[in-house]
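In my numbering, the protein residues as written are 33 to 336.
Ideal Cβ positions, reconstructed from N, Cα and C, are used throughout, including at glycine.
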């Protein structure tokens, strides 16, 4: 199967080719037709399944068919700055020839550049809940013309305490929008949210309990004080061009990155105590190969 089956607008097809997308992933095969039909979606899927393109492509198609405006027509809510930036970056690539512009909205940086982009005609806002509510309370922009709402990584937003913010944000929406909710797990709170915001949704589940097929797993049982020794041994014996290490706490991420740096590795950390500028510097440096090791908290890592 190829993306040609979906009969996307030539301007969107150009974006697909520019991203070197050839064959739709399982989530794209299931989600794209339903979204193009205007159906609400409840999808259980892990990060790395092609989820972003699964909702971005059909939303762009529907936006091109509708009347263009200088108002916010699509709102995508994500739990972390990194994920918001990744989604916004993907939109920019896929929509490059469509004329549809997007903006990432999150805290830790100034509001003014975000306001200018929205007021200059951005039709898609990719936002973290806290900063989005700041803008809405300040009446920077309105959401009363939103046609599409995406709640991405809903379970992580719940884990981070954003569920009350999400419910508050819903009050600013028209209530007639197409709503797409994606989550890796379905705790009762997310299930109740889905029941409240989705209208007769198409439901699907994409290997949400299994890792991506290209991922192999090994489990080591080790005492806390021997973890660093084990990690050093694994890294010394394994030829890894780049290494991602996840930790539970911000302190542990920072401390482990320092220890690895002292051990001779070019290592940095990605965690919530860093300013947005330093977080972006760490992430960009890892992607460019400046840092061979990135130690991240599991929440801060959303979007890597």
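Residue j beta carbon less than 8 Å from that of residue i
| i | j | result |
| --- | --- | --- |
| residue 126 | residue 64 | no |
| residue 75 | residue 91 | no |
| residue 358 | residue 40 | In the structure as shown, the chain begins at 33 and stops at 336. Residue 358 is therefore absent and cannot be evaluated. |
| residue 156 | residue 121 | no |
| residue 94 | residue 68 | yes |
| residue 187 | residue 220 | no |
| residue 18 | residue 305 | Outside the displayed span of the chain (33 to 336) sits residue 18, for which this structure offers no information. |
| residue 180 | residue 209 | yes |
| residue 233 | residue 73 | yes |
| residue 300 | residue 318 | yes |
| residue 254 | residue 297 | no |
| residue 129 | residue 46 | yes |
DSSP beta-bridge partners of residue i
| i | result |
| --- | --- |
| residue 75 | 214, 236 |
| residue 87 | Looking at the DSSP assignment, residue 87 forms no beta bridge with any residue, so it has no partner. |
| residue 152 | None; residue 152 has no bridge partner. |
| residue 107 | 157, 181 |
| residue 301 | 327 |
| residue 137 | 159 |
Residue from the options whose Cα sits closest to the Cα of residue i
| i | options | result |
| --- | --- | --- |
| residue 274 | 327, 260, 227 | 327 |
| residue 123 | 86, 176, 233, 42 | 86 |
| residue 143 | 169, 278, 88, 316 | 169 |
| residue 323 | 309, 308, 289 | 289 |
| residue 110 | 145, 129, 212, 179 | 212 |
| residue 162 | 271, 153, 154, 198 | 198 |
| residue 307 | 61, 140, 57, 102 | 140 |
| residue 238 | 61, 52, 46, 208 | 61 |
| residue 204 | 225, 133, 177 | 177 |
| residue 196 | 83, 299, 49, 225 | 225 |
| residue 21 | 167, 214, 302 | Since the first residue of the chain shown is 33 and the last is 336, residue 21 is not available in this structure. |
| residue 33 | 55, 46, 47, 310 | 55 |
| residue 107 | 227, 160, 148, 152 | 160 |
| residue 189 | 180, 171, 222 | 222 |
| residue 118 | 132, 129, 262, 138 | 138 |
| residue 193 | 250, 227, 112, 149 | 112 |
| residue 302 | 287, 284, 329, 291 | 329 |
Residue environment, residue i, which counts as buried when at least 16 other CB atoms sit within 10 Å
| i | result |
| --- | --- |
| residue 184 | buried |
| residue 229 | buried |
| residue 259 | exposed |
| residue 231 | exposed |
| residue 88 | buried |
| residue 320 | exposed |
| residue 83 | buried |
| residue 262 | exposed |
Simplified DSSP state of residue i, which is helix, strand or coil
| i | result |
| --- | --- |
| residue 132 | coil |
| residue 328 | strand |
| residue 278 | strand |
| residue 65 | helix |
| residue 231 | coil |
| residue 221 | helix |
| residue 272 | coil |
| residue 265 | helix |
| residue 60 | helix |
| residue 203 | coil |
| residue 124 | helix |
Contact with chain C by residue i, beta-carbon distance below 8 Å
| i | result |
| --- | --- |
| residue 169 | The structure shown has no chain C; it contains just one protein chain. |
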